[in-house]
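Chains as they are written, first to last, in the numbering used here: chain A, 534 to 730; chain B, 534 to 730; chain C, 534 to 730; chain D, 534 to 730.
C-beta atoms are modelled at their ideal positions from N, C-alpha and C, and glycine is treated no differently.
Let me begin by presenting the structure, written as structure tokens, before commenting on it.
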DNA sequence: TCATAAGCGAGACGGTACGTCGTGTCTTACG
DNA sequence: CGTAAGACACGACGTACCGTCTCGCTTATGA
């Protein structure tokens, strides 16, 4: 009983996914500027009007690709101790970034300045979800007595360190974001901070 | 006796500053994409050819605005203890950002993805100089016996935390980068990390 | 007992008239190009599909507006002499043009080049009917001995002069097509031609 | 001494001709609607901006092609008697139309309704010049005593008959505009009219 | 003193992407 | 089957921007 509340031909959901797939791939392959809407339409097998009917502009389309490529599909890890949990969490993120390519994230970041009102969705979609996961891990560790329960502001700050470093690294393409990098981050920064006081 | 090695009319230095001023302002006001070269030329009271004679392209011009707005003009602070030094350092940076406006930095960050070859100059110009200052402070503190002398990789990581947080905040326009933010960063993250082990 | 030979809901005749009215008006108001099918549908309170079920395309719809605004509804005049008949005929045409607006005719003419297959219908519908009326008048005058019976080609040529002048005047919007214009046409061109030889 | 009154790089006249040539050819080949500005630009070896810098839109460009294809380059004929002059004049026109193709004229006519303010240039450029030539011939014949000197309005009307018939024939693509057609026009219509009274 | 070489303003130019619009077809659900 | 509503492919439109170029003029130096 597929009831349609609105009259007229309904939008084809398959087109949404085709467009988002094409846009995300092109974004990762050629970058934000070189990704033309015509190219997206052509690769998705779709007309430009169909894209613009869904998103007001290029930046919005790019933003929508994050939602599509759900970075946080997996479960929050539970290895028994905080260090293992944090390392596992970073490892999840690193693998997902490698799958959908760092370039995609870089494209998203580049699109941000164009449309400042896109900042909030990114914040909630990426930073917010990440932060919630870190909170979960730390709460659990506090329950186990591993660390003192930190106050909210400090924990929030702590949670943003990882993503921020990743974002800047991605933008500057400095050194590879390998396991050693995250290990150092956990051992030299996050754990000392949580254990102090 | 204005000696010129090359024949012909010498370049007018006043134009350089006018262009850099106009470009920097526009960058801060409307962002990287909406900053057109024609607009820069018009605001600077200069022709486009005069700009392109000095810089190969838009990204390079944007980069030049960083050097012009010298973020690290002041001395490395020396308050006697590490906490004071760090807070003073962050305070310097915060004030300079407020002067030349956060938006300018945001424009620079957005420009990064368009011109990947700008990543290195930015790294060296901004992150590198900042990192050197942090190194100086920490070395000095280690000399005083305040903290253990950390290994290079860990210190480098530590030095990048501040700028990365700032960059992401600027891009996402989340919460204000006030003194309390930096104080929390120093007390909850940096100092615990440096004091551990 | 509304007998319908075909099954299903019968077409609503009221829609035909509404569409033709809307199309004719829009054609006169904004011209052929600016008359969009969506606008016709909207003004007629009808969906686009309803239009395209009746006519294959825009040009055909425009053509249909001619038939709807029947230019030759009235009787062939009979005043007793050729000059009076011709003037009366032109006067009929002029009044009908003023009713349904010259702009409508202009729209039709403009549509001709887009759809070359419309040329024949227009020729038969407009020029042909007009020519037949002129033939009637002249035959009648020849029967009365007023003029010599001209050969077919010459008469056909003569019959086209009036409509052609009108068409070009409409396209170029030069001088008004008033009674004096047609009187001059009859007295200085048509009658001398018919009376010669 | 090529003095430039306006500053900046002067427009390249060669581009004007290339564009007009390409536009005129395309207009004749594919018609008004199928003539896309991109195609014109491509064939002229020119960028679209260069076209739009010169003409505000498509219709204006089409109109400009008439000026370029000067229909009235030749001398007014002088054969000694009016009939010969008129036939020669029509023959000139017919040959020029065949050279630059009837389709071109058809395209121009089709463009007229789009931009009503283009009607005046067409009137002056085409009808006006033609009318002046007819006036010349008839005045000359009147000087010779061949015909009575007709009043202005009647002569103007007479002069428009030819072009109007041609225009409508071109629009309707009825019968070929051959020499016999014009001969009949001269002998059965124009000369009787001029000789009467 | 004057020629040369470069700087400079103005703006034309090629290329390319943008976002909009119009036509004619289609796909829903409802009458 | 007719109809309303509107999605859809295709393709042209006119605009904007980038980076290059071509003018004529200006400004220094070197012969």
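Residue 599 of chain D is positioned such that its CB atom lies no closer than 7 Å to that of residue 552 of chain D.
Against residue 722 of chain A, the close residues of chain B are 687, 690, 691, 694, 722, 723, 725 and 726, in the order they occur along the chain (beta-carbon pairs closer than 9 Å). In chain C, no part has a C-beta under 8 Å from the C-beta of residue 680 of chain D; the shortest such distance is about 12 Å. For residue 658 of chain A, there is no enclosing alpha helix (DSSP H), since its DSSP letter is neither H nor E.
Under a criterion of Cβ atoms nearer than 9 Å, the residues of chain A adjacent to residue 652 of chain B are, in order, 704, 705, 706 and 707.
With a 10 Å radius around the Cβ and a threshold of 16 neighbouring Cβ atoms, residue 591 of chain C comes out buried. Across the structure, residue 550 of chain D and residue 541 of chain D are spaced so that their CA atoms are roughly 21 Å apart. A contact between stretches requires three or more CB pairs, one per stretch, nearer than 8 Å, and the region 712-723 of chain C fails this requirement with the region 680-687 of chain C. Residue 698 of chain A belongs to the set of residues whose beta carbon lies under 7 Å from a beta carbon in chain B.
Under the 7 Å criterion on CB atoms, residue 656 of chain A is classed as interfacial with respect to chain B. Assignment of residue 542 of chain B by DSSP, reduced to helix, strand and coil, places it in the coil class.
Residue 595 of chain B has a beta carbon lying at 7 Å or more from every beta carbon in chain A.
Its chain contains 553 and 588 as the residues whose beta carbon lies nearer than 7 Å to that of residue 597 of chain D, once the 5 sequence neighbours on both sides are disregarded; these appear in chain order.
Note on geometry: alpha-carbon atoms of residue 704 of chain A and residue 565 of chain D lie some 50 Å from one another.
With at least 16 other beta carbons inside 10 angstroms of its own, residue 615 of chain D counts as buried.
Here residue 709 of chain D is exposed, its C-beta having fewer than 16 other C-beta atoms within 10 Å.
Per DSSP, residue 615 of chain B is one residue of the alpha helix (DSSP H) stretching across 615-632. Around the Cβ of residue 666 of chain B, a 10 Å sphere holds 16 or more other Cβ atoms; the residue is buried. Following the DSSP letters along the chain, one finds residue 704 of chain C inside the alpha helix (DSSP H) bounded by residues 685-705.
Contact of residue 717 of chain D with chain C by beta-carbon distance below 8 Å involves 686, 687 and 690. The beta-carbon of residue 729 of chain A is placed less than 7 Å from the nearest beta-carbon of chain B.
Judged by pairs of C-beta atoms under 8 Å, the region 684-702 of chain B does not touch the region 670-677 of chain A, as fewer than three such pairs exist. Approximately 13 Å separates the beta-carbon atoms of residue 619 of chain A and residue 688 of chain A; this is outside 8 Å, ruling out the contact.
Within the region 538-558 of chain B, not one residue has a Cβ closer than 7 Å to any Cβ of chain A. Here DSSP, grouped into helix, strand and coil, assigns residue 605 of chain C to coil.
When the beta-carbon positions are compared, residue 664 of chain C and residue 692 of chain C come within less than 7 Å of each other. The DSSP-derived three-state label of residue 681 of chain C is coil.
Inter-residue distance for residue 613 of chain A and residue 637 of chain A is about 33 Å (C-alpha atoms, whole angstroms). The Cβ neighbour count for residue 580 of chain A, taken over all protein chains shown within 10 Å, is under 16; the residue is labelled exposed. For residue 578 of chain B, the number of other beta carbons within 10 angstroms of its own is below 16, and it is reported as exposed.
Separation of the CB atoms of residue 640 of chain C and residue 561 of chain C is rounded to 6 Å, and the pair is thereby assigned contact status at 8 Å.
By the neighbour-count criterion, in which a residue is buried when 16 or more other Cβ atoms sit within 10 angstroms of its Cβ, residue 678 of chain D is exposed.
Under the 7 Å criterion on CB atoms, residue 701 of chain B is classed as interfacial with respect to chain A. Taking C-beta atoms under 8 Å as the contact rule, residue 726 of chain C and residue 725 of chain D qualify, at a distance of about 5 Å.
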